[in-house]
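Working notes, structure below.
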Amino acid sequence: MALDNIRLEVMNTVEKQVDGFIKEYLIPVEDIWQPTDLLPNLQGENYMDEINQIREEAKELEYDFWVVLVADMVTEEALPTYESWLMDMEGVEQHGKSRGEENAWSKWVRHWTGEENRHGDTLNKYLYLSGRVNMREVEKTTQYLINDGFDIGTGRDPYRNFVYTSFQELATNISHKRVGQLAKKKGNKMLGKMCNIIAGDEMRHYMAYREFVKTIFEHDPSEMMLAFHDMMKKKIVMPAQFLRESGQGIAEAFENFSNAAQRLGVYTTYDYIEILEKLNGYWEIDKMRSLTDEAEKARDYLMKLPDRMRRIAGRMAIPEDQHTFKWVEANGRL
């Protein structure tokens, strides 16, 4: 049987469990939080007091913090790119085989997108009300990121895509959680709560995607191992890798944003390494048997990779000079 056909067969097999994954890892629309639950109620009598509180608390947050918060928000707002990419995976169909029938994988992608969409909405409104960023420049960056798309090295392969989403959902959980902690330390309880709740969503999504991979390992261990190896050898790129400001070329802003995140300790090279270790451990790749020779070598590479990366990370220096973004002026005032 051709390799693509084997993958499709596995996807069809796992698809029977997707409705269960939706019930376990996603929350119905009527039960889940919405952005307005966390933001000032503009229909209430005290809305101006709440907005003034946001603006006062925002004054305590440093320059790198705003750079990271803007880039996190823009990354969330580029959701149309991520949905269209996942919808193009092998085994995901926009429609079922008969009229009115819904493919379970496409149902997952749509419901996951619905939950993720609230994150960008929440942070966008907060940034707008804070008065600390140039929203027109931020909006241009968002549009550029959607226009430019992205290439995460997965192609249409669901095995590689699910490795990517497992990794990336945990990375965003870490980033949002750390931003929330920093905000709370500066007395910004509202933003701290927002980021913490968003991080909780990302954790649920991470748990789902890692379960997809675990299930695929049960059905096609050697090919799943090779896909995991390929993604880690190429390195997991961030969804905002093509980030740019107005007047820049594609991807020119990403490195400066990444440096700001590392300086703040929001997301570092060591976090990347620890995510890999968590995935190795959860999928128990060290205990897998009946692998092909090629997959055995891939597993050995994955087991040794964290220590190898730590040795390299110890020699890396993080630039201390702050880049001046158009999103935020150097003195934090607009």
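Under this note's numbering, the first residue of the sequence shown carries the number 7, and numbering increases by one thereafter.
The beta-carbon is built from N, C-alpha and C at its ideal position, and this holds for glycine as well.
Measuring only the C-alpha atoms, how far is residue i from residue j?
{"i": "residue 129", "j": "residue 295", "result": "45 Å"}
{"i": "residue 95", "j": "residue 165", "result": "9 Å"}
{"i": "residue 214", "j": "residue 14", "result": "20 Å"}
{"i": "residue 303", "j": "residue 101", "result": "39 Å"}
{"i": "residue 77", "j": "residue 146", "result": "12 Å"}
{"i": "residue 97", "j": "residue 47", "result": "43 Å"}
{"i": "residue 307", "j": "residue 66", "result": "45 Å"}
{"i": "residue 173", "j": "residue 242", "result": "8 Å"}
{"i": "residue 278", "j": "residue 177", "result": "7 Å"}
{"i": "residue 217", "j": "residue 31", "result": "10 Å"}
{"i": "residue 162", "j": "residue 92", "result": "8 Å"}
{"i": "residue 297", "j": "residue 237", "result": "18 Å"}
{"i": "residue 230", "j": "residue 330", "result": "43 Å"}
{"i": "residue 300", "j": "residue 232", "result": "8 Å"}
{"i": "residue 21", "j": "residue 227", "result": "17 Å"}
{"i": "residue 338", "j": "residue 69", "result": "At residue 338 the pLDDT is 46, less than 50, meaning the model places this residue with poor confidence; the figure from the coordinates comes in the next sentence. Going by the C-alpha atoms only, they are around 6 Å apart."}
{"i": "residue 225", "j": "residue 293", "result": "15 Å"}
{"i": "residue 74", "j": "residue 11", "result": "42 Å"}
{"i": "residue 39", "j": "residue 333", "result": "28 Å"}
{"i": "residue 271", "j": "residue 144", "result": "23 Å"}
{"i": "residue 19", "j": "residue 288", "result": "21 Å"}
{"i": "residue 141", "j": "residue 181", "result": "22 Å"}
{"i": "residue 154", "j": "residue 254", "result": "12 Å"}
{"i": "residue 423", "j": "residue 26", "result": "Look at the range of the chain in this structure, 7 to 340, and you will see that residue 423 is not part of it."}
{"i": "residue 266", "j": "residue 220", "result": "34 Å"}
{"i": "residue 126", "j": "residue 60", "result": "18 Å"}
{"i": "residue 117", "j": "residue 29", "result": "11 Å"}
{"i": "residue 284", "j": "residue 268", "result": "20 Å"}
{"i": "residue 188", "j": "residue 42", "result": "22 Å"}
Suppose the cutoff is 7 Å on Cβ atoms and the five residues either side in sequence are ignored; what does the same chain contact list for residue i look like?
{"i": "residue 276", "result": "319"}
{"i": "residue 156", "result": "87, 245, 247 and 248"}
{"i": "residue 37", "result": "none"}
{"i": "residue 240", "result": "159"}
{"i": "residue 89", "result": "115 and 119"}
{"i": "residue 152", "result": "84, 86 and 87"}
{"i": "residue 212", "result": "172, 175, 176 and 179"}
{"i": "residue 250", "result": "147, 150, 256, 257, 258 and 259"}
{"i": "residue 311", "result": "238 and 282"}
Exposed or buried, residue i, counting other C-beta atoms within 10 Å across all chains shown (16 or more means buried)?
{"i": "residue 24", "result": "buried"}
{"i": "residue 274", "result": "buried"}
{"i": "residue 321", "result": "exposed"}
{"i": "residue 323", "result": "exposed"}
{"i": "residue 35", "result": "exposed"}
{"i": "residue 171", "result": "buried"}
{"i": "residue 175", "result": "buried"}
{"i": "residue 291", "result": "buried"}
{"i": "residue 17", "result": "buried"}
{"i": "residue 51", "result": "exposed"}
{"i": "residue 124", "result": "buried"}
{"i": "residue 252", "result": "exposed"}
{"i": "residue 222", "result": "buried"}
{"i": "residue 305", "result": "buried"}
{"i": "residue 122", "result": "buried"}
{"i": "residue 49", "result": "exposed"}
{"i": "residue 208", "result": "buried"}
{"i": "residue 53", "result": "exposed"}
{"i": "residue 191", "result": "exposed"}
{"i": "residue 262", "result": "buried"}
{"i": "residue 194", "result": "buried"}
{"i": "residue 317", "result": "exposed"}
{"i": "residue 183", "result": "buried"}
Whose C-beta lies closer than 6 Å to the C-beta of residue i among residues of the same chain, with five residues either side of it excluded?
{"i": "residue 148", "result": "80 and 83"}
{"i": "residue 167", "result": "95 and 160"}
{"i": "residue 186", "result": "198, 201 and 202"}
{"i": "residue 234", "result": "169"}
{"i": "residue 64", "result": "136 and 138"}
Below 8 Å CB to CB, which residues in the same chain sit around residue i once its five sequence neighbours on both sides are set aside?
{"i": "residue 99", "result": "109, 111 and 112"}
{"i": "residue 315", "result": "275, 278, 279 and 282"}
{"i": "residue 7", "result": "Residue placement at residue 7 cannot be trusted, given a pLDDT of 43 that sits under 50; the coordinates are not used to answer."}
{"i": "residue 309", "result": "286, 291 and 292"}
Which stretch, first to last residue, makes up the alpha helix (DSSP H) that contains residue i?
{"i": "residue 268", "result": "260 to 270"}
{"i": "residue 66", "result": "Unbroken run through residue 66: none, as it is neither H nor E."}
{"i": "residue 247", "result": "Unbroken run through residue 247: none, as it is neither H nor E."}
{"i": "residue 318", "result": "299 to 319"}
{"i": "residue 233", "result": "227 to 240"}
{"i": "residue 146", "result": "141 to 154"}
{"i": "residue 25", "result": "24 to 31"}
{"i": "residue 284", "result": "275 to 288"}
At a cut-off of 7 Å, would you count residue i as near the ligand PLP, judging by its Cβ distance to the nearest heavy atom?
{"i": "residue 314", "result": "Although the ligand PLP was asked about, the structure shown includes no ligands whatsoever."}
message: Suppose only complete runs of 3+ residues qualify. What are the beta strand (DSSP E) ranges in the region 177 to 203, listed by chain order?
response: none
task: Go through the region 51 to 134 residue by residue and report every complete run of the alpha helix (DSSP H) that reaches 4 residues or more, in order.
output: 53 to 64, 69 to 83 and 85 to 93
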